[in-house]
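Written below as structure tokens is the structure these notes are about.
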Amino acid sequence: DGGITQSPKYLFRKEGQNVTLSCEQNLNHDAMYWYRQDPGQGLRLIYYSQIVNDFQKGDIAEGYSVSREKKESFPLTVTSAQKNPTAFYLCASSIVAGNNEQFFGPGTRLTVL
Amino acid sequence: AQKVTQAQTEISVVEKEDVTLDCVYETRDTTYYLFWYKQPPSGELVFLIRRNSFDEQNEISGRYSWNFQKSTSSFNFTITASQVVDSAVYFCALSEASNAGNMLTFGGGTRLMVKP
């Protein structure tokens, strides 16, 4: 089945630690996205990538980093510089052209202890 | 700058009632796309509909219908004869054609609770 997988589903981190969230897609989509969702709020864009080895900052990129070494993979690292990292993180992918819909993964819930 | 507003943060209805979720958007582009997504308790966003700015025809899909009115910059979503399984958070989103990155701007979401 084609789709997007994210791992882990739940992640706990101590303050000061970096953590990496995984996102893999087998939809052959060029574009991939990372969003952050806080309780009772909408989604905010962290980073996006339209092509391998290229990515752009979204609205709230500070304290986060990404890489895009393969078309299928777009991992997100939450660094210790992110002051309030506890949130629900969603990865998405889409066809680049034509403002098509984005398809979402199941999400990773990150909690900082 | 683009903006999406979902003024209803939470709606509660009894099963079989009809319910309308409001979405108002702002954009300077003449070509844009509007979307609705459903987020059930599991957390994953499920795509429901995509509509471009040149197509103002209303759309119906089973118990779901969408009313797009450019004159009021609204793209409202109606569920007819609601069911408990419709309970979820619903998001409206906007993508501008001038946006090369296909980025979505989301509204804050409306939590719908359908009681038996």
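Residue numbers (this note's numbering), protein chains in the order written: chain C, 73 to 185; chain W, 80 to 195.
Backbone N, C-alpha and C define an ideal beta-carbon position, used for all residues, glycine too.
Using a Cβ-Cβ cutoff of 8 Å, what residues of the region 122-145 of chain C are near chain W? List them in chain order.
Q122, Q128, G130
Spatial distance of T189 (chain W) from C171 (chain W) (CA atoms)
Indexing the second sequence from 1 puts residue 189 (chain W) at position 110. Indexing the second sequence from 1 puts residue 171 (chain W) at position 92. Answer to the nearest angstrom: the Cα atoms are 9 Å apart.
To the nearest angstrom, report how far apart E186 (chain C) and S152 (chain C) are at their CA atoms.
Only positions 73 to 185 of chain C appear in this structure, which leaves residue 186 (chain C) out of reach.
For Y111 (chain W) and S174 (chain W), which I take to be in contact (beta-carbon distance under 8 Å), what is that distance rounded to the nearest angstrom?
Numbered from its first residue, the second sequence carries residue 111 (chain W) at position 32. Numbered from its first residue, the second sequence carries residue 174 (chain W) at position 95. Right, their Cβ atoms sit about 7 Å apart.
Within 7 Å of chain C by C-beta, residues of the region 159-187 of chain W in sequence order
F170, S174, A176, G180, N181, M182, L183, F185, G186, G187
Span separating the alpha-carbon of Y119 (chain C) from that of I132 (chain C):
Position 47 of the first sequence holds residue 119 (chain C). Position 60 of the first sequence holds residue 132 (chain C). Inter-residue distance for Y119 (chain C) and I132 (chain C) is about 8 Å (C-alpha atoms, whole angstroms).
Since E135 (chain W) contacts F147 (chain W) with CB under 8 Å, what's their CB separation in whole angstroms?
Translated into the one-based positions of the second sequence, residue 135 (chain W) becomes position 56. Translated into the one-based positions of the second sequence, residue 147 (chain W) becomes position 68. Correct: roughly 5 Å between the Cβ atoms.
Over the uninterrupted beta strand (DSSP E) stretch that includes R129 (chain W), give me the two end residues.
Counting from 1 along the second sequence, the entry for residue 129 (chain W) is found at position 50. Counting along the chain, the beta strand (DSSP E) containing R129 (chain W) begins and ends at 125-131.
Quick one: give me the first and last residue of the beta strand (DSSP E) that V83 (chain W) is part of.
Counting from 1 along the second sequence, the entry for residue 83 (chain W) is found at position 4. Unbroken beta strand (DSSP E) run through V83 (chain W): 82-84.
Could you spell out the range, first to last residue, of the beta strand (DSSP E) harbouring S79 (chain C)?
Reading the first sequence from its first residue, position 7 is the one you call residue 79 (chain C). S79 (chain C) -> beta strand (DSSP E) spans 76-79.
Leaving out the 5 sequence neighbours to the left and right, which residues in its chain are closer than 6 Å to S91 (chain W) when beta-carbon positions are compared?
The residue labelled residue 91 (chain W) in the question sits at position 12 within the second sequence. Around S91 (chain W): M192.
Using 8 Å as the threshold, is the C-beta distance between K197 (chain W) and S166 (chain W) below it?
This structure cannot speak to residue 197 (chain W), because chain W is shown only from 80 to 195.
Would you say E123 (chain W) faces chain C, with C-beta separation under 8 Å as the test?
The residue given as residue 123 (chain W) occupies position 44 in the second sequence. Chain C contact via Cβ: present.
Closer than 9 Å at the beta carbon, the chain C residues around Y104 (chain W)
Translated into the one-based positions of the second sequence, residue 104 (chain W) becomes position 25. Per Cβ cutoff of 9 Å: no residues; Y104 (chain W) is ~13 Å from chain C at best.
List the residues of chain C that Y143 (chain W) touches, going by C-beta distances under 8 Å, in chain order.
Looking up residue 143 (chain W) in the second sequence gives position 64. Correct list: empty, because the minimum Cβ distance to chain C is about 15 Å.
Contact criterion: CB-CB distance below 8 Å. Does R129 (chain W) meet it with respect to chain C?
The residue given as residue 129 (chain W) occupies position 50 in the second sequence. Yes, R129 (chain W) lies at the interface with chain C (some Cβ there is under 8 Å from its Cβ).
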